[in-house]
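Participant:
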Amino acid sequence: MNQLNNEQEIATDNEIQAVQRTFELIMPIADTFSSIFYTRFFAKDPAARPLFKTDMASQRQKVIDMLALAVRGLDEPQTMVRELEALGQRHVTYHVEPQHYIHMNTAILETLADCLGENFTSGMRRSWIKALELLTTVMLKGSAGSIVESAKLSAQA
Ligand code: HEM
Numbered sequence: 000m001n002q003l004n005n006e007q008e009i010a011t012d013n014e015i016q017a018v019q020r021t022f023e024l025i026m027p028i029a030d031t032f033s034s035i036f037y038t039r040f041f042a043k044d045p046a047a048r049p050l051f052k053t054d055m056a057s058q059r060q061k062v063i064d065m066l067a068l069a070v071r072g073l074d075e076p077q078t079m080v081r082e083l084e085a086l087g088q089r090h091v092t093y094h095v096e097p098q099h100y101i102h103m104n105t106a107i108l109e110t111l112a113d114c115l116g117e118n119f120t121s122g123m124r125r126s127w128i129k130a131l132e133l134l135t136t137v138m139l140k141g142s143a144g145s146i147v148e149s150a151k152l153s154a155q156a
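With numbering that gives the first Met the number 0 applied, the sequence shown corresponds to residues 0 to 156, in that order.
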C-alpha cells in the first residue's frame with residue numbers, strides 16, 4: 000500500500016500498475032487521446048471553452064505531460080503531491096472551479112474507453128477512478144490553499 004498520509008490511501012500497488020500500464024498504451028497515441036478528450040470535455044461543459052486562451056495544440060501537450068508526471072508519480076506520492084498542489088493553485092487563476100473537474104474526469108474515462116476498447120477493463124476503470132479522484136483532491140487542496148492566501152491578502156488591504 001502507498002500512503003499519502005495517515006488518513007488517505009492512494010491506491011494499492013496493483014491499482015497503480017493498472018493505471019501506469021494503461022497510460023503506456025495511451026502514450027503512442029497521446030495527441031489523438033487529448034483531442035478526443037478535449038472534444039468530449041467541451042461537449043459536456045461548453046462554458047469552460049472560453050477559459051482556454053492559448054492554442055489548444057500546446058495545451059493538449061501540456062496536459063499529457065502533466066498526466067504522465069502524475070501517473071508515473073503514483074508510486075512517489077510526495078513529489079507528485081507538491082507538483083499537483085501547485086498546479087491546482089495555478090488553476091484558480093484560470094478561473095477553474097470544482098465542478099469542472101467532474102466533467103474533466105468523466106471525459107478522461109470515456110476517452111480511455113474510446114481509445115483502448117476492450118483493453119480498458121472494468122478493473123482498469125476502477126483504478127483510474129481512484130487515481131483521478133486523488134488527482135482532483137490534491138489539485139483542489141492546492142486551489143483551496145491559494146484562495147485562503149488571497150483572502151488573507153484582501154483582509155490586509
Ligand atoms: C486532470 C486534471 C488537470 C490537469 C492534469 C491539468 C493540467 C494543466 C496544465 C499542465 C496546464 C498548463 C499550465 C500550467 O501548468 O499551469 C493547464 C492549464 C489550464 N487548464 Fe488544466 N488541468 C486539469 C484540469 C483542468 C480543469 C478541470 C479545467 C477546467 C476548465 C482546466 C482548465 C485549464 C485552463 C483554462 C488552463 C489555462 C489555459 C491557457 O493558458 O489558455 N484544467 N492545465
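Glycine residues also receive a C-beta, built at the ideal position from the N, C-alpha and C atoms.
1. Taking 7 Å as the limit between beta carbons, can you name the residues of its chain near residue 137, skipping five residues before and five after?
2. Counting pairs of Cβ atoms below 8 Å between the segment 15-26 and the segment 43-52, do you hit three or more?
3. Where in the segment 31-86 do unbroken runs of the alpha helix (DSSP H), each at least 4 residues long, occur, reported from the N-terminal end onward?
4. Can you list the residues near ligand 1, meaning Cβ strictly closer than 5 Å to any non-hydrogen atom, in the order they appear in the chain?
5. Since residue 18 is in the alpha helix (DSSP H), which residue starts that stretch and which ends it?
6. Which two residues bound the contiguous alpha helix (DSSP H) that contains residue 28?
7. Is it the case that the segment 56-69 contacts the segment 113-127, given that we only count it when at least three CB pairs across the two stretches are under 8 Å?
8. Looking at the structure shown, is residue 111 part of a helix, part of a strand, or coil, going by DSSP?
9. Taking the Cβ atom as the reference point for each residue, do residue 110 and residue 28 lie within a distance shorter than 7 Å?
10. Express the C-alpha separation of residue 150 and residue 59 in angstroms, rounding to a whole number.
11. Taking C-alpha atoms, which residue in 98, 139 and 129 lies nearest to residue 89?
12. Using DSSP with H/G/I as helix, E/B as strand and the rest coil, what is residue 3?
13. What separation, rounded to the nearest whole angstrom, lies between the Cα atoms of residue 165 and residue 55?
14. Please work out which residues of its chain come closer than 6 Å, Cβ to Cβ, to residue 100, disregarding the five sequence neighbours upstream and downstream, and give them in chain order.
15. Thinking residue 91 and residue 33 are a contact (beta carbons under 8 Å), I'd like their distance in whole angstroms, please.
Facilitator: This is what the structure holds:
1. 80, 83, 84 and 87
2. no
3. 55-71
4. 47, 50, 51, 52, 53, 61, 62, 65, 89, 93, 95, 99, 100 and 103
5. 12-25
6. Element bounds for residue 28: n/a, residue is neither H nor E.
7. no
8. helix
9. no
10. 32 Å
11. 139
12. For residue 3, the predicted model reports a pLDDT of 47, less than 50, meaning its position is unreliable; a value from the coordinates is still stated below. The answer is coil: DSSP assigns residue 3 none of H, G, I, E or B.
13. Outside the shown range of the chain, which is 0 to 156, sits residue 165, and nothing can be said about it.
14. 135
15. Wrong, their Cβ atoms sit about 23 Å apart, outside the cutoff.
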